[in-house]
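Worksheet: the structure to be examined is printed underneath.
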Amino acid sequence: MISASTSMRDALDGAVTALSAAGCETPRLDAELLLAHALGVGRERLLTCNLTVAGPAVRVFQDYVRRRSVGREPVAYILARRHFRRLELAVDRRALIPRPETELLVEVGLALPQGASVLDVGTGSGAVALALADERADLSVTGSDSSAAALDLARANGERFGLDVRWAHADLLDGVPDEFDAVLSNPPYVREDDRASLAPEILRYEPPSALFAGEDGLAVVRRLTAEAGERARVRLLAVEVGQGQAGIVGKLMREAGFASVRAERDLAGIERVVVGERR
């Protein structure tokens, strides 16, 4: 426990010890982010200033560390925010926490022709759609989700940034007009058998409907690929997938009419985003 007033170093060391004992993968980073938020300063201040943890910040930091170590609540949900590209998104349990590998979907979208119309299927917090609107104002961007709660979160993020994104409540492409040149998606792709292997942060807190997709993890991808193949205007389909799924998803895309298929690798070397294009 932290005393009524303690040095920043002692507060961090105590938190790191607790987080390490709880099995958190990045205890030092987690502790620094939580302490910076409790003190109302940027993390860089912790690295450059000799601060004291006192007053209400003591109890706030203790609560953050307890939630992270005992409850294994994700840091992003504790802070209610997550950086993605150039944006700091509001996040909560209504949607998945945006991951760095999902930026590959944004990179695919950034390479689209001038003025292209893009649909981000399963937008969640709105990360992909908002990043595209932020970095390519010429694109016509729409974000859709089958979860009305997630869509409310995405819409709130869009309003906060003042970005021009349309939002649609839809189950994949069902009922969505055939007016998009490209469809991007980070769908559920975790196999049911892998449920027990997920970290507590994921299994306890993130929405199951955005994670799991049947026996092989591809139930949603199969539907999306088939539906996109039936849309005459869709020239490009890009889907984030799990490790080892790229080959099967590429085959599904070819069968749906996307003859040119490639896989984009993430920083770990995993084929993470499969891109199909019509010639």
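Going by our numbering, the letters in the sequence shown line up with residues 1 to 279, in that order. C-beta atoms are modelled at their ideal positions from N, C-alpha and C, and glycine is treated no differently. Computed from a predicted model, the values in this text were never measured in an experiment.
Buried or exposed for residue i, please, with buried defined as at least 16 other CB atoms from any protein chain shown within 10 angstroms of its CB.
i    : result
S7   : exposed
G122 : buried
P188 : buried
T26  : exposed
C24  : buried
G55  : exposed
R66  : exposed
D138 : exposed
E179 : exposed
L34  : buried
R82  : buried
I'd like to know whether the C-beta atoms of residue i and residue j end up nearer to each other than 7 Å.
i    : j    : result
N186 : E240 : yes
A36  : R28  : no
G143 : V165 : yes
R272 : F258 : no
S96  : G124 : Contrary to the premise, residue 96 reads as Leu rather than Ser in this sequence. For L96 and G124, yes; Cβs fall inside 7 Å.
V53  : A11  : yes
G126 : A148 : no
R46  : E32  : Going by the sequence as given, residue 46 is Leu instead of Arg. Contact flag set, yes.
L163 : D134 : yes
I think residue i touches residue j, with their Cβ atoms under 8 Å apart; what is that distance to the nearest whole Å?
i    : j    : result
L252 : R222 : 6 Å
V60  : A38  : 4 Å
V275 : A238 : 5 Å
D193 : S117 : About 38 Å separates the two Cβ atoms, so there is no contact after all.
Take residue i and list the residues in its own chain whose beta-carbon comes closer than 8 Å to its own, dropping the five residues that flank it on each side.
i    : result
E159 : none
R254 : V261, G276
E215 : R191, E192, D193
E201 : R72, E73, P74
Tell me which same chain residues have a C-beta within less than 7 Å of the C-beta of residue i, skipping the five on either side of it?
i    : result
V106 : R85, V128, A131, L132
A228 : L173, V183, V234, L237, A256
D30  : L19, C24, R68, V75
L151 : D145, W167, H169
A246 : A263, E271, V274
For residue i, which residues from the same chain have a beta carbon less than 6 Å from its beta carbon, with the 5 sequence-adjacent residues on both sides left out?
i    : result
V190 : L211, F212, G217
V176 : A170
M1   : Summary for M1: the model assigns pLDDT 47, below 50, so the residue's position carries little reliability, and this model does not support an answer.
A22  : S69
E101 : D266, R272
With a cut-off of 7 Å, does the C-beta of residue i fall near any C-beta of chain B?
i    : result
V274 : Here there is only one protein chain, and chain B is not present.
Is the stretch 65-78 in contact with the stretch 109-124, if contact means three or more CB pairs nearer than 8 Å? Between the stretch 65-78 and the stretch 109-124 there are fewer than three inter-stretch CB-CB distances shorter than 8 Å, so the stretches are not counted as touching.
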